[in-house]
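Oh and the sequence shown: position 745 is 745 in the working numbering, straight run, nothing missing.
We put the beta carbon where it would ideally sit given N, CA and C, even for glycine.
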Amino acid sequence: MEPTPELSPHHAYPDHWEADVVLRDGGTARIRPITTDDAERLVSFYEQVSDESKYYRFFAPYPRLSDRDVHRFTHHDYVDRVGLAVTIGGEFIGTVRFDRINEQGRPASAPADEAEVAFLVQDAHQGRGVASALLEHIAAVARERGIRRFAAEVLPANNKMIKVFRDAGYTQQRSFEDGSVHLTLDLEPTEKSLAVQRGREQRAEARSVQRLLAPGSVAVIGTGRTPGGVGRTVLRNLLAAGFTGRTYAVNRAFDEGLATLDGVPAHRSLGEIDERVDLAVIAVPAHRVPEAVADCGEHGVQGLVVLSAGYAERGSAGRELQRELVRQARSYGMRIIGPNAFGIINTAESVRLNASLAPESPARGRIGLFTQSGAIGIALLSGLHRRGAGLSSFISAGNRADVSGNDFLQYSFEDQDTDVALLYLESLGNPRKFTRLARRTAAVKPVVVVKGARHSGTNPPGHAVPVSRIPDATVSALMRQAGVIRVDTVTEMVDAGLLLAGQPLPAGPRVAILGNSESLGLLTYDACLAEGLRPRPPRDLTTAASPQDFRDALAEALADGTCDAVIVTAIPWVGENGEAETGDGEVLAAALRGAAAGGPAKPVAVVHVEIGGLAEALAAASSTAAPRTRPTTLAGRPAAAPGAPTGAAPPTATAPTEPGTEAPAETAGTAGTAGTAEPAEPAEPEAAEPPARPGRIPAYPAAERAVRAMAEAVKYAQWRRQAATPGKVPEFLDETTDEPGAAALIDTLLGTAPDPRGRPLTHDEARELLGRYGIPVRPTLPAPDPEAAVAAAARLGYPVALKTTAPHLRHRADLGGVRLDLTDEDALRRAYAEVTELLGKPAELLPVVQSMAPRGVDTVVRASIDAAAGAVLSFGLAGAPSELLGDTAHRLVPATDRDAAELIRSIKAAPVLFGWRGSAPVDTPALEELLLRLSRLVDDHPEVVSVALEPVVVAPQGLTVLGATVRLAPPPPRGDLGPRRLPNY
Numbered sequence: 001m002e003p004t005p006e007l008s009p010h011h012a013y014p015d016h017w018e019a020d021v022v023l024r025d026g027g028t029a030r031i032r033p034i035t036t037d038d039a040e041r042l043v044s045f046y047e048q049v050s051d052e053s054k055y056y057r058f059f060a061p062y063p064r065l066s067d068r069d070v071h072r073f074t075h076h077d078y079v080d081r082v083g084l085a086v087t088i089g090g091e092f093i094g095t096v097r098f099d100r101i102n103e104q105g106r107p108a109s110a111p112a113d114e115a116e117v118a119f120l121v122q123d124a125h126q127g128r129g130v131a132s133a134l135l136e137h138i139a140a141v142a143r144e145r146g147i148r149r150f151a152a153e154v155l156p157a158n159n160k161m162i163k164v165f166r167d168a169g170y171t172q173q174r175s176f177e178d179g180s181v182h183l184t185l186d187l188e189p190t191e192k193s194l195a196v197q198r199g200r201e202q203r204a205e206a207r208s209v210q211r212l213l214a215p216g217s218v219a220v221i222g223t224g225r226t227p228g229g230v231g232r233t234v235l236r237n238l239l240a241a242g243f244t245g246r247t248y249a250v251n252r253a254f255d256e257g258l259a260t261l262d263g264v265p266a267h268r269s270l271g272e273i274d275e276r277v278d279l280a281v282i283a284v285p286a287h288r289v290p291e292a293v294a295d296c297g298e299h300g301v302q303g304l305v306v307l308s309a310g311y312a313e314r315g316s317a318g319r320e321l322q323r324e325l326v327r328q329a330r331s332y333g334m335r336i337i338g339p340n341a342f343g344i345i346n347t348a349e350s351v352r353l354n355a356s357l358a359p360e361s362p363a364r365g366r367i368g369l370f371t372q373s374g375a376i377g378i379a380l381l382s383g384l385h386r387r388g389a390g391l392s393s394f395i396s397a398g399n400r401a402d403v404s405g406n407d408f409l410q411y412s413f414e415d416q417d418t419d420v421a422l423l424y425l426e427s428l429g430n431p432r433k434f435t436r437l438a439r440r441t442a443a444v445k446p447v448v449v450v451k452g453a454r455h456s457g458t459n460p461p462g463h464a465v466p467v468s469r470i471p472d473a474t475v476s477a478l479m480r481q482a483g484v485i486r487v488d489t490v491t492e493m494v495d496a497g498l499l500l501a502g503q504p505l506p507a508g509p510r511v512a513i514l515g516n517s518e519s520l521g522l523l524t525y526d527a528c529l530a531e532g533l534r535p536r537p538p539r540d541l542t543t544a545a546s547p548q549d550f551r552d553a554l555a556e557a558l559a560d561g562t563c564d565a566v567i568v569t570a571i572p573w574v575g576e577n578g579e580a581e582t583g584d585g586e587v588l589a590a591a592l593r594g595a596a597a598g599g600p601a602k603p604v605a606v607v608h609v610e611i612g613g614l615a616e617a618l619a620a621a622s623s624t625a626a627p628r629t630r631p632t633t634l635a636g637r638p639a640a641a642p643g644a645p646t647g648a649a650p651p652t653a654t655a656p657t658e659p660g661t662e663a664p665a666e667t668a669g670t671a672g673t674a675g676t677a678e679p680a681e682p683a684e685p686e687a688a689e690p691p692a693r694p695g696r697i698p699a700y701p702a703a704e705r706a707v708r709a710m711a712e713a714v715k716y717a718q719w720r721r722q723a724a725t726p727g728k729v730p731e732f733l734d735e736t737t738d739e740p741g742a743a744a745l746i747d748t749l750l751g752t753a754p755d756p757r758g759r760p761l762t763h764d765e766a767r768e769l770l771g772r773y774g775i776p777v778r779p780t781l782p783a784p785d786p787e788a789a790v791a792a793a794a795r796l797g798y799p800v801a802l803k804t805t806a807p808h809l810r811h812r813a814d815l816g817g818v819r820l821d822l823t824d825e826d827a828l829r830r831a832y833a834e835v836t837e838l839l840g841k842p843a844e845l846l847p848v849v850q851s852m853a854p855r856g857v858d859t860v861v862r863a864s865i866d867a868a869a870g871a872v873l874s875f876g877l878a879g880a881p882s883e884l885l886g887d888t889a890h891r892l893v894p895a896t897d898r899d900a901a902e903l904i905r906s907i908k909a910a911p912v913l914f915g916w917r918g919s920a921p922v923d924t925p926a927l928e929e930l931l932l933r934l935s936r937l938v939d940d941h942p943e944v945v946s947v948a949l950e951p952v953v954v955a956p957q958g959l960t961v962l963g964a965t966v967r968l969a970p971p972p973p974r975g976d977l978g979p980r981r982l983p984n985y
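Put into structure tokens, the structure is as follows:
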């Protein structure tokens with residue numbers, strides 16, 4: 001809508017306050033400012049509020065709003081008086097407003113920084129989290145307008161409304177005055193308020209996906225009258241899977257006399273169906289989709305799967321159609337999978353949903369699968385089926401205009417039937433959120449990701465999301481930091497998923513290898529070394545080994561305390577006549593499963609060559625797999641999680657707890673009134689215990705594939721152990737850190753009207769800013785001529801270095817623009833003459849003089865801010881080899897002490913820092929401290945958008961920063977710190 005602005009452009013309608021939100025029950029709603037056009041909506045809304053809620057709002061019976069009330073509640077200046085409404089289908093279901101007040105509680109204008117706030121939620125929608133969503137958004141609006149505190153008067157009996165404020169996580173004070181409770185909330189976000197907000201977001205988004213995957217009824221809109229076609233195919237697949245709910249076929253072209261189709265009720269519209277439909281699968285041409293969506297919204301459908309194509313994958317016009325589709329669906333409180341989707345599957349026995357184009361519903365299993373590509377989805381379903389693996393759920397999101405991989409992570413974290421989450425992603429709409437959710441999920445169950453479109457620099461057609469400019473290597477490093485298992489191909493994803501879903505995690509990298517082929521054992525041994533594992537010498541059972549020999553050898557290896565995992569290699573037996581015998585794969589599989597069941601819980605993988613029936617028999621459900629102990633979910637059911645590593649030193653990995661996530665009851669009422677209590681919000685799930693015995697044993701046709709999957713499990717298990725005791729972000733509360741001084745300096749350097757493009761700092765400005773955080777930069781002095789160079793050296797003291805700083809020569813010592821260890825004036829003058837003769841005039845070279853630093857290893861430390869991913873800290877050795885080989889490590893900011901230690905040890909050239917080839921080890925603790933100080937700087941001051949310290953010479957004692965470049969700019973928006981909202985692309 002285009003409301004009429006009031007008063008002046010300064011008070012124009014703030015459309016950036018509009019937001020789509022997911023409510024507690026998984027439905028969506030729209031939050032927007034109230035305008036002068038909303039008078040009738042407000043009156044209609046108020047008429048549907050109970051007398052009790054009205055009494056709590058106004059402290060007296062208040063049956064109807066007067067004309068004056070309506071005018072006051074719909075006329076706002078959007079600065080001192082603001083009102084927000086929550087709408088579904090264009091109608092109000094809740095409102096909130098604030099009025100700026102002074103210290104005496106009377107109406108005021110800025111600079112007064114306190115406001116009185118009041119809520120009202122329609123009784124029919126209380127319990128859906130409306131009040132908490134409104135509080136988040138009105139608090140953000142207030143902070144934007146310079147308001148730092150909210151005040152509210154609440155009747156003493158309204159303890160539920162008091163609870164709304166208390167559970168929000170803000171600092172608050174309460175007092176009893178004149179028969180009412182006076183509440184004051186400090187609106188500055190706290191660690192607890194952010195945790196509460198994210199906890200509510202997680203539960204709501206998980207519930208929204210659950211509603212899509214577990215409907216009580218499904219309508220296929222666009223079901224063809226004759227066999228074939230997309231709609232009829234989906235209907236057939238629904239019926240073939242044995243969907244436990246009710247199914248309907250809908251097509252406006254059906255004859256009026258048609259009562260059933262394929263045995264299910266047939267209707268021309270949803271309005272003809274006697275009950276509310278939970279899920280609608282839309283399979284009509286794109287130009288007819290809006291009509292179908294409207295029909296769904298008007299009849300209470302909860303979610304949509306849109307198979308129709310012709311949207312953003314077709315270009316700009318289709319992209320606008322896609323945006324309108326999302327706006328239309330959300331206006332009715334519905335979420336969308338698609339458009340251009342392949343469909344969804346839920347194999348739970350209580351659901352048995354196959355609302356997809358997959359002709360066969362996969363077997364029930366413990367793997368959840370999300371893909372942004374229908375073709376890749378088909379390939380993955382086929383590959384898992386061939387390997388005997390089952391799925392818990394499957395979503396092929398197509399253009400992922402609404403439901404995304406982030407939503408799937410939220411759901412997977414909760415889902416009791418999912419032990420491993422597999423995701424094929426071609427774009428990351430919100431990388432900050434993805435890494436946060438992935439870290440949280442990976443702490444309780446593995447997350448395996450394949451990222452397509454890694455090197456194109458653009459999103460695939462149809463994916464209308466912001467493009468991140470960070471290199472793919474950086475994306476991979478950040479995923480690893482979050483505990484994500486990043487693999488390169490869908491084959492590797494299936495390989496890793498099978499191992500993680502059926503086997504316990506290894507306690508370490510020690511691998512035993514046994515089998516009846518010496519050559520295959522050696523190949524496996526070499527592959528283990530290449531993947532960084534620690535293999536024991538292969539044990540050759542000889543080609544005469546029987547299944548019992550395999551069983552005995554496997555049992556012995558599992559019982560050996562010096563091994564953490566076992567890889568079994570097997571080839572067909574050779575008979576007396578010289579012909580290969582495939583043998584009975586089921587017999588060998590039974591022997592291996594028996595050994596695994598009877599020994600300590602360690603992962604087992606099998607590499608086999610053409611042994612018929614072995615892979616299928618190993619994939620069969622094992623009766624020895626003990627039930628997993630699962631934490632309780634929000635709905636009171638247990639939530640699945642994969643086993644933590646087991647063995648000699650089992651970890652105690654648990655999900656990172658966030659303060660306030662237990663967030664008890666919330667109410668939807670008014671501040672100054674009470675509403676009805678909303679359901680209590682349960683506590684976070686914790687990591688599940690590992691299975692007591694392995695389940696399905698994965699089989700691989702090549703040693704490299706089995707070893708790579710095992711290596712990923714080893715690295716993930718190590719991450720889980722470390723995640724159980726996370727690192728800390730040091731405070732550095734000493735005289736070398738001056739946060740207020742740095743903030744004041746940044747404000748001065750940016751000025752009152754900063755250039756949105758930002759500005760680079762001079763050498764002296766950068767030294768001063770970095771110095772505020774205890775990062776000294778060795779001074780340099782300009783040397784425009786030989787005499788200036790000599791004077792600079794005299795000031796700094798010999799020995800000195802002469803460097804060129806022209807952009808094309810910076811950090812290029814190989815071109816002859818750097819001369820070191822100049823011990824006297826004669827040496828300096830000779831060097832100056834040689835450099836200028838070789839490379840050009842001083843005005844072109846911009847030479848400088850700098851005092852020499854102690855000898856050490858030259859390194860590079862950088863920090864930069866990507867608008868999508870956030871602040872990233874990077875480290876590597878200086879020089880062309882590291883740049884050419886891409887040997888740079890990355891971590892998200894803020895970095896912990898553990899992140900800093902891992903950062904310098906994760907580059908391939910790290911041995912150079914630790915005494916390689918007899919050299920003296922350098923001062924890595926000093927280097928770690930430098931990384932932490934730089935991380936703290938960019939985390940405290942988002943205006944610092946880029947820092948490069950190059951080179952940083954790390955000596956055996958201490959380090960020296962020889963060069964620094966810093967760029968400041970107005971800080972990019974941080975959507976992850978604002979109120980929760982669905983993205984609009």
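Asked, Found
"Straight-line CA distance for cysteine 563 to alanine 512?", "6 Å"
"So the beta strand (DSSP E) glycine 986 belongs to, where does it begin and stop?", "Nothing about residue 986 can be read from this structure; the chain reaches only from 1 to 985."
"Report the option in Leu845, Val966 and Leu930 whose CA atom is closest to the CA atom of leucine 761.", "Val966"
"Distance, Cα to Cα, serine 851 vs serine 935?", "27 Å"
"Along the chain, where does the alpha helix (DSSP H) containing valine 494 start, and where does it finish?", "490-502"
"Look at the Cβ atom of arginine 534, then the Cβ atom of proline 509, and state whether they are nearer than 8 Å.", "yes"
"With a threshold of 8 Å, are at least 3 pairs of Cβ atoms found where one atom belongs to the region 940-948 and the other to the region 864-873?", "yes"
"Spatial neighbours of glycine 216 within its chain, please: C-beta separation below 8 Å, excluding the five flanking residues on both sides.", "Gly245, Arg246 and Asp278"
"For a quick check, are the C-beta atoms of alanine 597 and glycine 515 less than 8 Å apart?", "no"
"State the DSSP-derived secondary structure class of valine 277, mapped to helix, strand or coil.", "coil"
"To the nearest angstrom, report how far apart leucine 884 and glycine 89 are at their CA atoms.", "56 Å"
"Under 8 Å, with one C-beta from each stretch per pair, do the region 539-547 and the region 600-613 reach the 3-pair mark?", "no"
"Could you tell me which of Asp755, Gly222 and Ala312 sits nearest to alanine 283, measuring between CA atoms?", "Gly222"
"Are valine 790 and glutamate 825 close, meaning C-beta to C-beta below 8 Å?", "yes"
"In terms of residues, what are the limits of the beta strand (DSSP E) holding threonine 435?", "No beta strand (DSSP E) holds threonine 435; the alpha helix (DSSP H) holding it covers 431-442."
"Proline 285 to threonine 725, Cα distance in whole Å?", "53 Å"
"What are the boundary residues of the alpha helix (DSSP H) that threonine 95 is part of?", "Taken as a continuous stretch (DSSP letters only), threonine 95 belongs to no alpha helix (DSSP H), being part of the beta strand (DSSP E) at 91-101."
"Give the DSSP-derived three-state secondary structure of histidine 299 in the structure shown.", "coil"
"Return the first residue and the last residue of the alpha helix (DSSP H) that leucine 937 is part of.", "924-940"
"Using beta-carbon positions only, say whether glycine 585 and leucine 614 come within less than 8 Å of one another.", "yes"
"Buried or exposed for proline 979, please, with buried defined as at least 16 other CB atoms from any protein chain shown within 10 angstroms of its CB.", "buried"
"With DSSP as the reference, label histidine 890 as helix, strand or coil.", "strand"
"Taking DSSP as the reference, what is the three-state secondary structure of alanine 355?", "strand"
"Are there 16 or more other CB atoms within 10 angstroms of the CB of aspartate 747, so buried, or fewer, so exposed?", "exposed"
"Please state whether the Cβ-Cβ distance between glycine 297 and tyrosine 332 is less than 8 Å.", "yes"
"Would you decide whether glutamate 272 is buried or exposed? Buried here means 16 or more other CB atoms lie within 10 Å of its CB.", "exposed"
"Pick out whichever of Ser404, Val220 and Arg276 has its Cα sitting closest to the Cα of serine 308.", "Val220"
"List the residues that DSSP assigns as beta-bridge partners of phenylalanine 150.", "Ala115 and Leu185"
"Check whether the Cβ of arginine 335 sits closer than 7 Å to any heavy atom of the ligand SAH, and report yes or no.", "The ligand SAH is absent from the structure shown, which contains no ligand whatsoever."
"Determine the extent of the beta strand (DSSP E) in which glutamine 172 is found, giving its start and end residues.", "171-177"
"Can leucine 194 and phenylalanine 150 be called in contact, C-beta distance under 8 Å?", "no"
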